[in-house]
Amino acid sequence: MKTQKIYDENYQWIVMGRDPDKPEKIIDTNQYIIRDGKKTMLLDPGGIEIFSSVLAATLSETNIENITDLFASHQDPDIISSLGLWNEIIPDINLYGPSIWEGFIRHFSSGDVNYIGIPDAGSSMVLETVELQFIPAHYLHASGNFHVYDATAKILMSGDVGAALESPGAPIFVDDFNEHKEKMRMFHRRWMPSNDAKIDWIRRVRDLDINMMCPQHGRIFKGDDVKRFLDWFEALDVGVAIHG
Amino acid sequence: MVSEEMDEGAKQFLAVASVQAELFAVTHISKRISLSAKNAKAIAARAGSQALGFHPITDFIDDVATNITLLVEEINVDALRLSSFAIANRNRMKTIGRVKDAQETLGLRADDCGLTNKIKELESTKEKFLIEYGRKSSDVLEALTEIRTQLQAAEMICTTSRTEATRAGDFQSNLEVVAEEVSQAVMQIKDVLQTSKLHLSQLTVRRR
Ligand SMILES: [Fe+2]
Ligand SMILES: [Fe+2]
Chain G
1 MKTQKIYDEN YQWIVMGRDP DKPEKIIDTN QYIIRDGKKT MLLDPGGIEI FSSVLAATLS
61 ETNIENITDL FASHQDPDII SSLGLWNEII PDINLYGPSI WEGFIRHFSS GDVNYIGIPD
121 AGSSMVLETV ELQFIPAHYL HASGNFHVYD ATAKILMSGD VGAALESPGA PIFVDDFNEH
181 KEKMRMFHRR WMPSNDAKID WIRRVRDLDI NMMCPQHGRI FKGDDVKRFL DWFEALDVGV
241 AIHG
Chain E
1001 MVSEEMDEGA KQFLAVASVQ AELFAVTHIS KRISLSAKNA KAIAARAGSQ ALGFHPITDF
1061 IDDVATNITL LVEEINVDAL RLSSFAIANR NRMKTIGRVK DAQETLGLRA DDCGLTNKIK
1121 ELESTKEKFL IEYGRKSSDV LEALTEIRTQ LQAAEMICTT SRTEATRAGD FQSNLEVVAE
1181 EVSQAVMQIK DVLQTSKLHL SQLTVRRR
C-alpha cells in the first residue's frame, strides 16, 4: 500500500491507498492517518480485506501503542468493517462515529468497542495538540455522516464526497479537474441522495478555509480545485435513481 | 497457514453446532417417551387391578423423560456458551493470521513498532482461551454421561414393564407396544448421544 505525507509540520497527515494487494472486486479506498505525538487517529480505516495492508502502512509511520483513535464518517463496510480487527489488537481504542449509527457499526466488532458518538450537530476533539472538527455531512451519502476538518492544516477529509472511481495506480492528487470530473459524475449522481443536503453542505464548507479536500475514494483536491469541485457539485443534479 | 487455522476454528464451531442440533433431537425424543408413559398410564387405569404393577413404572418412565429434558436444557446453556467461545476463537485466529500478514510486510520494523509483541500477546490469549474451551467441553461431555445414566434406568424399567404387561390380561399387547416405544426412543437417544460425544471428543483431541 502506498503512503504519502500530505501535511508535515508539528503533526502529520498521511494518506494510504492504491493497495496493489487488494482483491480486485472490492472498491479502492483512501485511508488517512493523523499522527500527533503519541497519538494517532485513522480516518475511515477501511474494510476487513485491506486490514493487513492498512495496519502495516500505519505501523511504518507509528508504533502500535500510539494508535489510539479511529474515525468512521459513516457505517459503510468499505469505511469501517475492519473495526473488529482493530478492536481485537487494540482493546482500548476509541472510535468516533455518528451517534445514530452506533448500534449498527458495533455489529462490525464483538460489540464492546469504546464508541464515542458524534451528535447530529457535530463536535470536536483534540488528538494530542491538533483540534479536529467533525462537520455534519448528513445524507452525503449516509443519513448520519461526518467529515473531519483540521483548521490548522486546512484539510477537509470529505468521506464519500469528492469520490472518483479510478483505475488502479491513479495519481494521489487531481491534476486536471476537467478530466477528473467525469470520473466523479456517476458516483455523485447515484450515491448522493439529496440536492438539499448537498446545497446545505456546500454553503457551510465554503465558509471553511481549505487547502486540501481529501475524499475516501479517488484523488485529493488541492487549492483552486477545491473551489472547482464545490461549483461542479453545486450544479450537479443528484439522487437520480428516483427518476426511474 | 492462515486457512489451516481458520479451518480449525470453523470445525470447532461446526462441532458445537452439531451437538446443539442433536440435543434438540433428544428433547423431541424425550417428549415422545413422556407421551408414551402417559399413554401407558391411561391403559393401565382401564386395565384396573390387572395392571396395578404398572402405575409406579409409568410414573418412573415419566420422571426419566422429565429428567432427560431438564438435563438437555442444562447442557444447551453450556453448549451455547461453547458456541460463542468457538466463534470468538475463530475470529481471534483470523485476526492473528491478518496481523501476521502485516508483520511479514513490515519485516524488521515489526519488532520496533511493537507488532511482534502484540502477536505474542494475542497467541497467549488464544492459548488460555483454548484451555478454558477444553474445560467447558469436558463439562458438556460429563453432562452427556449423566443422561446416559438416566437412559440405563429407563432401559431397566422397560424390561420390568414387559414382565408386568404379561399380567395385564386383555391389555397385555397395548402395554407391550408402549414398552416397545419407550425402549426404541431410549435407543435413539443413545445413538444421538454417541454422535454428540464423538463431536466433542474430536474437539478435545484437536486442542492438544
Ligand atoms: Fe459510503
Ligand atoms: Fe466509500
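For the protein sequence lines, the chains are G and E, in the order given. Heads up: the first sequence begins at 1 in the numbering used here, then just goes up one per residue. Heads up: the second sequence begins at 1001 in the numbering used here, then just goes up one per residue. Where is the CB? At the ideal position from N, CA and C, for every residue including glycine. These numbers were taken from a predicted model, which means no experiment stands behind them.
Beta-ladder partner(s) of residue i, from DSSP
{"i": "threonine 246 of chain G", "result": "The first residue shown for chain G is 1 and the last is 244, placing residue 246 of chain G beyond what the model contains."}
{"i": "lysine 1038 of chain E", "result": "None; lysine 1038 of chain E has no bridge partner."}
{"i": "phenylalanine 233 of chain G", "result": "Note: phenylalanine 233 of chain G sits in no beta bridge, so no partner."}
{"i": "methionine 125 of chain G", "result": "G/Leu132"}
{"i": "leucine 70 of chain G", "result": "G/Leu42, G/Leu95"}
{"i": "arginine 35 of chain G", "result": "G/Gln12, G/Thr40"}
{"i": "glycine 117 of chain G", "result": "G/Gly97"}
{"i": "lysine 222 of chain G", "result": "G/Met212"}
{"i": "isoleucine 155 of chain G", "result": "G/Asp150, G/Met212"}
{"i": "phenylalanine 173 of chain G", "result": "G/Ile220"}
Residues near residue i by beta carbon distance below 8 Å, same chain, minus five either side
{"i": "isoleucine 64 of chain G", "result": "Ile89, Ile90"}
{"i": "threonine 62 of chain G", "result": "Ile33, Arg35, Thr40"}
{"i": "serine 1106 of chain E", "result": "A quick correction: the sequence has leucine, not serine, at residue 1106 of chain E. Cβ neighbours of leucine 1106 of chain E beyond the five flanking positions: Cys1113, Leu1115."}
{"i": "isoleucine 1119 of chain E", "result": "Ile1096, Val1099, Lys1100, Gln1103"}
{"i": "aspartate 1078 of chain E", "result": "Lys1136, Asp1139, Val1140, Ala1143"}
Element boundaries [alpha helix (DSSP H), containing residue i]
{"i": "aspartate 1158 of chain E", "result": "With the sequence shown as reference, residue 1158 of chain E is identified as cysteine, and aspartate is not the correct amino acid for it. Segment 1115-1166, the alpha helix (DSSP H) holding cysteine 1158 of chain E."}
{"i": "glutamate 1104 of chain E", "result": "1054-1106"}
{"i": "valine 54 of chain G", "result": "51-59"}
{"i": "proline 98 of chain G", "result": "No alpha helix (DSSP H) holds proline 98 of chain G; the beta strand (DSSP E) holding it covers 94-98."}
{"i": "leucine 275 of chain G", "result": "Outside the shown range of chain G (1 to 244) lies residue 275 of chain G, about which nothing can therefore be said."}
{"i": "arginine 106 of chain G", "result": "Neither: arginine 106 of chain G is in no alpha helix (DSSP H) and is coded neither H nor E."}
{"i": "isoleucine 64 of chain G", "result": "Run containing isoleucine 64 of chain G: none; DSSP gives neither H nor E here."}
Residues near residue i in its chain [Cβ-Cβ closer than 7 Å; skip 5 each side]
{"i": "serine 1003 of chain E", "result": "Note that serine 1003 of chain E has pLDDT 47, beneath the 50 cutoff, so the model's placement of it is unreliable and no number is given."}
{"i": "phenylalanine 229 of chain G", "result": "Gly162, Met213, Phe221"}
{"i": "isoleucine 155 of chain G", "result": "Tyr7, Trp13, Asn211, Met212, Cys214"}
{"i": "valine 1205 of chain E", "result": "Confidence is the limiting factor: at valine 1205 of chain E the pLDDT is only 49, short of 50, which leaves the residue's position unreliable, though a coordinate-based value still follows. Excluding residues within five positions, none has a Cβ falling inside 7 Å."}
{"i": "glycine 169 of chain G", "result": "Arg18"}
Proximal residues to residue i (C-beta, below 6 Å), its chain only, five neighbours per side dropped
{"i": "valine 113 of chain G", "result": "Asn87, Leu95"}
{"i": "valine 1178 of chain E", "result": "Ser1036, Asn1039, Ala1040"}
{"i": "alanine 1086 of chain E", "result": "Gln1012, Phe1013, Val1016"}
{"i": "serine 1161 of chain E", "result": "Ile1057, Ala1179"}
{"i": "serine 1183 of chain E", "result": "Cys1158"}
{"i": "histidine 1199 of chain E", "result": "Ala1015, Ser1018, Val1019"}
Residue i versus the options, residue with shortest Cα-Cα distance
{"i": "isoleucine 6 of chain G", "options": "G/Lys25, G/Glu24, G/Gln31, G/Ile27", "result": "G/Gln31"}
{"i": "arginine 190 of chain G", "options": "G/Gly239, G/Thr68, G/His74", "result": "G/Gly239"}
{"i": "asparagine 10 of chain G", "options": "G/Gly17, G/Ser82, G/Ala153, G/Ala137", "result": "G/Ala153"}
{"i": "glutamate 24 of chain G", "options": "G/Lys227, G/Glu49, G/Asp237, G/Ala137", "result": "G/Glu49"}
{"i": "valine 1192 of chain E", "options": "E/Gln1020, E/Glu1008, E/Thr1159", "result": "E/Gln1020"}
{"i": "methionine 184 of chain G", "options": "G/Asp160, G/Asp76, G/Asp19", "result": "G/Asp160"}
{"i": "proline 132 of chain G", "options": "G/Gly103, G/Ser123, G/His188, G/His138", "result": "A quick correction: the sequence has leucine, not proline, at residue 132 of chain G. Per the Cα distances, G/Ser123."}
{"i": "lysine 1126 of chain E", "options": "E/Ile1068, E/Arg1092, E/His1199", "result": "E/Arg1092"}
{"i": "isoleucine 259 of chain G", "options": "G/Leu42, G/Ser52, G/Gln216, G/Ile80", "result": "Because residue 259 of chain G is not part of the residues shown, which for chain G are 1 to 244, the question remains open."}
{"i": "threonine 1154 of chain E", "options": "E/Asp1078, E/Ile1068, E/Gly1048", "result": "Rather than threonine, the amino acid found at residue 1154 of chain E in this sequence is alanine. Out of E/Asp1078, E/Ile1068, E/Gly1048, E/Ile1068 has the C-alpha closest to the C-alpha of alanine 1154 of chain E."}
{"i": "alanine 1045 of chain E", "options": "E/Gln1172, E/Lys1190, E/Thr1195", "result": "E/Gln1172"}
{"i": "tyrosine 115 of chain G", "options": "G/Asp92, G/Leu59, G/Phe233, G/Glu182", "result": "G/Asp92"}
{"i": "isoleucine 1071 of chain E", "options": "E/Ser1201, E/Leu1151, E/Gln1050, E/Gln1194", "result": "It should be pointed out that residue 1071 of chain E corresponds to leucine in this sequence rather than to isoleucine. If we check each option's Cα against that of leucine 1071 of chain E, E/Leu1151 comes out closest."}
For residue i, the first and last residue of its enclosing beta strand (DSSP E)
{"i": "proline 136 of chain G", "result": "131-136"}
Residue i: CB within 7 Å of a non-hydrogen atom of ligand 4
{"i": "isoleucine 80 of chain G", "result": "Inclusion of ligand 4 in the displayed structure is not the case, the ligand content consisting of ligand 1 and ligand 2 alone."}
May I have all residues whose beta carbon comes closer than 5 Å to any heavy atom of ligand 1, sorted in chain order?
G/Asp76, G/Asp160
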